[in-house]
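Student: Quick one: the structure is below, questions incoming.
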């Protein structure tokens, strides 16, 4: 298995993000084993990857797929199915618009210091260059 995330362009200009990960139980809780730990060399070491953000990005893509495939009619139906409030579902779904390089930095644990899920889902611009300016000022193009 390739331990690196793969970002590819698919039909209609959409991005597909493949994130290799494992879910394991530790102390009775489920944990995501991030890509850099899949080879087993870092399993006892605390990961730098923020699993809350990674899980939210994964949910965003899964929920978007449900909407686009017609499995659910709209965001209201999705939020009812998930037993979550509609505004929260909308904010999480907005993560599908993150620039690929920002997603890569989050997955590798090299995102900017202090980045939180709350910062990502509150008013982040859709334009990738604007996102970079807001989140990665030294990497903005």
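Numbering (my numbering), first residue to last: 677 to 817. For each residue, glycine too, the CB sits at the ideal point set by N, CA and C. Predicted model only: the values in this text are computed from it and were never measured.
May I ask which residues mark the beginning and end of the alpha helix (DSSP H) holding residue 818?
Tutor: Residue 818 lies beyond the residue range present for the chain, which begins at 677 and ends at 817; the question has no answer from this structure.
Student: Which of helix, strand or coil does DSSP assign to residue 780?
Tutor: Note: residue 780 maps to helix in three-state DSSP.
Student: Check whether the segment 783 to 790 and the segment 753 to 772 are in contact - that is, three or more C-beta pairs closer than 8 Å.
Tutor: Verdict: no, contact absent.
Student: Between which two residues does the beta strand (DSSP E) holding residue 686 run?
Tutor: Counting along the chain, the beta strand (DSSP E) containing residue 686 begins and ends at 682 to 686.
Student: Residue 795 lies in the alpha helix (DSSP H); which residues open and close that run?
Tutor: Segment 793 to 797, the alpha helix (DSSP H) holding residue 795.
Student: Return helix, strand or coil for residue 809, following the three-state DSSP convention.
Tutor: Three-state result, residue 809: helix.
Student: Could you check the C-alpha separation between residue 694 and residue 681 for me, to the nearest Å?
Tutor: For residue 694 and residue 681, the distance between alpha carbons rounds to 6 Å.
Student: Along the chain, where does the beta strand (DSSP E) that runs through residue 691 open and close?
Tutor: Counting along the chain, the beta strand (DSSP E) containing residue 691 begins and ends at 690 to 694.
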